[in-house]
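Residue numbers (our numbering), protein chains in the order written: chain D, 16 to 260; chain F, 6 to 275.
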């Protein structure tokens with residue numbers, strides 16, 4: 016289903032920002048002013064395989080490379096080295112509402128965001144009511160999204176993103192969306208999708224929800240794969256390691 | 006062959022998204038304006054009126070034997086299309102970085118959607134343009150414009166203008182990812198370009214020795230081809246038409262190659 020072979024991802028911390036013509040011009044004459052090339056390996060030789068229907072948890076400290084890994088799988092980034100093979104349609108819930116235009120109404124955003132996620136017009140037409148129903152926002156359908164609270168935006172985004180039955184679902188910490196009632200609802204929806212045979216890549220700092228949901232766990236640290244395997248054991252070890260530091 | 010098939014399949018897959026992006030631009034453009042889409046029709050007419058007043062009354066500009074209003078308006082709507090579309094296309098990739106950073110979308114969609122969006126406005130502005138042409142038949146201005154069968158060539162010329170603009174859009178949007186200065190530089194370039202395109206003047210006023218330089222300005226080719234049909238009722242010269250197509254193809258080729266080669270690097274320059 017998903018196969019990662021020796022994935023490495025290099026970022027160049029030096030070329031970032033403020034590189035304008037002025038600087039480019041200066042750097043021709045002044046070698047010291049040339050942007051320093053500091054290589055940063057966000058992922059370093061990571062390989063593993065995910066079978067269809069598996070729910071994989073990703074754990075690791077901040078900056079361990081979890082989000083980068085998700086981006087590589089979803090195709091946002093091409094790895095510097097290595098090979099990714101992904102069979103099946105990927106639905107990325109990396110950050111909810113990224114595709115919203117705040118000037119448009121909720122109704123218009125459902126279509127726009129749906130299109131960004133790769134849905135067809137026919138599909139959205141069919142599922143429109145389901146999305147609205149799940150988001151509990153029927154009364155605000157024709158209000159511009161800029162007037163929504165962040166909770167409402169998250170609800171709408173979650174409803175659009177989960178209306179499909181994707182073959183691969185990529186989730187980055189979103190279960191804490193909306194009010195308590197909606198959190199419960201979204202969790203149930205996730206469980207439903209997981210049981211429906213979707214392959215899930217799940218990133219969270221909540222070990223509780225990882226243990227609850229995941230079949231296997233991948234532990235990343237400084238871009239390297241530390242361990243992969245049994246959820247309970249690795250979570251325990253990870254927890255200990257984190258606290259001992 | 007398979008490459009073309011792939012491109013077509015990709016187009017088809019993202020057709021709906023393209024439509025949605027264009028629709029979004031349209032809605033936002035006319036949001037909270039009373040006249041709404043009427044502005045697309047009114048704007049070129051008002052621009053033309055102002056320029057006609059300034060240039061024909063204050064500077065006594067004339068292009069002998071032709072309707073100066075149509076001469077102006079043709080220049081205005083065609084250059085306006087190019088400058089607006091290429092400008093929006095240039096900034097489109099950078100402005101959509103938040104999205105590109107999170108979801109996989111083919112990046113060429115953004116500049117292309119902008120060129121098509123402005124293209125719709127361009128097509129709308131052809132309505133008042135044609136209206137003015139008809140009115141010249143009834144005595145508006147000094148000379149009537151021409152309505153003839155060569156109008157059938159116009160879509161080809163406009164298509165070339167679109168392709169040229171899309172090619173420029175690809176190129177600019179790609180370069181501006183790595184060098185944001187391009188945003189400002191291009192503004193200056195556009196101003197210079199505008200003055201070196203005969204929008205309100207005729208190249209007859211340029212010394213004869215220098216006139217050949219205008220042949221290298223693609224926009225001059227598109228304008229000349231359109232004007233020879235509309236103002237003089239003549240088929241554009243073969244060289245003129247060939248250059249229209251050649252400039253469009255060169256821009257597309259360079260734009261596509263540069264964009265395709267660099268698009269995977271965009272993500273590092275966010």
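Note that CB positions come from ideal geometry on N, CA and C, so glycine has one too.
Beta-carbon proximity check, residue i vs residue j, cutoff 9 Å
i: residue 76(F); j: residue 236(F); result: yes
i: residue 261(D); j: residue 175(D); result: Here chain D has residues from 16 to 260 only, and residue 261(D) is not among them.
i: residue 27(F); j: residue 121(F); result: yes
i: residue 44(D); j: residue 25(D); result: no
i: residue 134(F); j: residue 82(F); result: yes
i: residue 48(F); j: residue 41(F); result: no
i: residue 264(F); j: residue 105(F); result: no
i: residue 267(F); j: residue 183(F); result: yes
i: residue 17(D); j: residue 128(D); result: no
i: residue 230(F); j: residue 170(F); result: no
i: residue 112(D); j: residue 62(D); result: no
i: residue 116(D); j: residue 29(F); result: yes
i: residue 179(D); j: residue 132(D); result: yes
i: residue 262(D); j: residue 88(D); result: Given that chain D is displayed from residue 16 to residue 260, the structure contains no residue 262(D) and the question cannot be resolved.
i: residue 218(D); j: residue 187(D); result: yes
i: residue 59(D); j: residue 239(D); result: yes
i: residue 56(F); j: residue 205(F); result: yes
i: residue 235(D); j: residue 66(D); result: no
i: residue 90(F); j: residue 59(F); result: no
i: residue 36(D); j: residue 186(F); result: yes
i: residue 212(F); j: residue 253(F); result: no
i: residue 110(F); j: residue 22(F); result: yes
i: residue 181(F); j: residue 96(F); result: yes
i: residue 130(D); j: residue 157(D); result: no
i: residue 150(F); j: residue 138(F); result: yes
i: residue 246(D); j: residue 223(D); result: no
i: residue 228(D); j: residue 243(D); result: no
i: residue 118(D); j: residue 33(F); result: yes
i: residue 11(D); j: residue 105(D); result: Lying outside 16 to 260, the shown extent of chain D, residue 11(D) is not represented and no answer is given.
i: residue 125(F); j: residue 31(F); result: yes
According to DSSP, residues forming a beta bridge with residue i
i: residue 96(D); result: 23(D)
i: residue 214(D); result: 183(D)
i: residue 64(D); result: 18(D)
i: residue 159(D); result: 120(D)
i: residue 245(D); result: 231(D)
i: residue 56(D); result: 25(D)
i: residue 148(D); result: Answer is none; residue 148(D) lacks a bridge partner.
i: residue 239(D); result: 236(D)
Anticipated Cβ contact below 8 Å, residue i with residue j, distance rounded
i: residue 86(F); j: residue 127(F); result: 4 Å
i: residue 146(F); j: residue 73(F); result: 6 Å
i: residue 176(F); j: residue 259(F); result: 6 Å
i: residue 227(F); j: residue 166(F); result: 5 Å
i: residue 172(F); j: residue 257(F); result: 4 Å
i: residue 160(D); j: residue 107(F); result: That belief does not hold up - the Cβ atoms of residue 160(D) and residue 107(F) are roughly 17 Å apart, past 8 Å.
i: residue 234(F); j: residue 158(F); result: 6 Å
i: residue 168(F); j: residue 88(F); result: With 8 Å as the limit, residue 168(F) and residue 88(F) do not qualify as a contact, their Cβ atoms being about 16 Å apart.
i: residue 129(F); j: residue 46(F); result: 6 Å
i: residue 208(F); j: residue 221(F); result: Their Cβ separation, rounded to whole angstroms, is 13 Å, which puts residue 208(F) and residue 221(F) out of contact at 8 Å.
i: residue 275(F); j: residue 102(F); result: 5 Å
i: residue 68(D); j: residue 177(D); result: Not really, about 17 Å apart at Cβ, beyond 8 Å.
Near the ligand MN: residue i beta-carbon under 8 Å from a heavy atom
i: residue 235(D); result: As far as ligands go, the structure on display features none, and thus does not contain the ligand MN.
Legend entry - Residues within the stretch 25–42 of chain F neighbouring chain D, beta-carbon criterion of under 9 Å: 25, 26, 28, 29, 32, 33, 36
Inset, instruction - Identify every run of the beta strand (DSSP E) within the stretch 67–138 of chain D, keeping only runs that are complete inside it and at least 3 residues long; order them along the chain. - result: 70–74, 96–101, 105–108
Legend entry - Ranges of the alpha helix (DSSP H) found wholly within the stretch 173–242 of chain F, counting only runs of at least 4: 187–200, 223–235
Inset, instruction - Would you mind listing the beta strand (DSSP E) stretches within the stretch 165–208 of chain D that are 3+ residues and don't spill past its ends, in chain order? - result: 183–187
Inset, instruction - With a floor of 4 residues, list each alpha helix (DSSP H) that falls wholly inside the stretch 30–86 of chain F, ordered by position along the chain. - result: For the stretch 30–86 of chain F, whole alpha helix (DSSP H) runs of length 4 or above, ordered along the chain, are 43–57.
Legend entry - Members of the stretch 95–117 of chain F that neighbour chain D once the beta carbon cut-off is set at 7 Å: 103, 104, 106, 107, 108, 109, 110
Inset, instruction - Could you list the residues in the stretch 180–212 of chain D with a C-beta less than 9 Å from some C-beta on chain F, going in chain order? - result: Under the 9 Å Cβ criterion, the stretch 180–212 of chain D contributes no residue.
Legend entry - Interface positions of the stretch 152–180 of chain D facing chain F (Cβ-Cβ less than 8 Å), listed along the chain: none
Legend entry - Contiguous alpha helix (DSSP H) assignments of at least 4 residues, all confined to the stretch 100–131 of chain F: 102–105
Inset, instruction - Check each residue of the stretch 91–117 of chain D: if its Cβ is closer than 9 Å to any Cβ of chain F, include it; give the result in chain order. - result: 91, 92, 93, 105, 107, 109, 110, 113, 114, 116
Inset, instruction - Output, in sequence order along the chain, the residues in the stretch 166–185 of chain F whose CB is closer than 9 Å to any CB in chain D. - result: 183, 184, 185
Legend entry - Residues from the stretch 17–29 of chain D in contact with chain F, defined by Cβ distance under 8 Å: So the list reads 26, 27, given in the order they occur along the chain.
Legend entry - Cβ-based contacts, 8 Å cut-off: residues of the stretch 74–94 of chain F near chain D: none
Inset, instruction - Determine which residues of the stretch 220–254 of chain F have a Cβ less than 8 Å from any Cβ of chain D, and write them out in chain order. - result: none
Legend entry - Under 8 Å (Cβ pairs) to chain F, residues found in the stretch 217–236 of chain D: none
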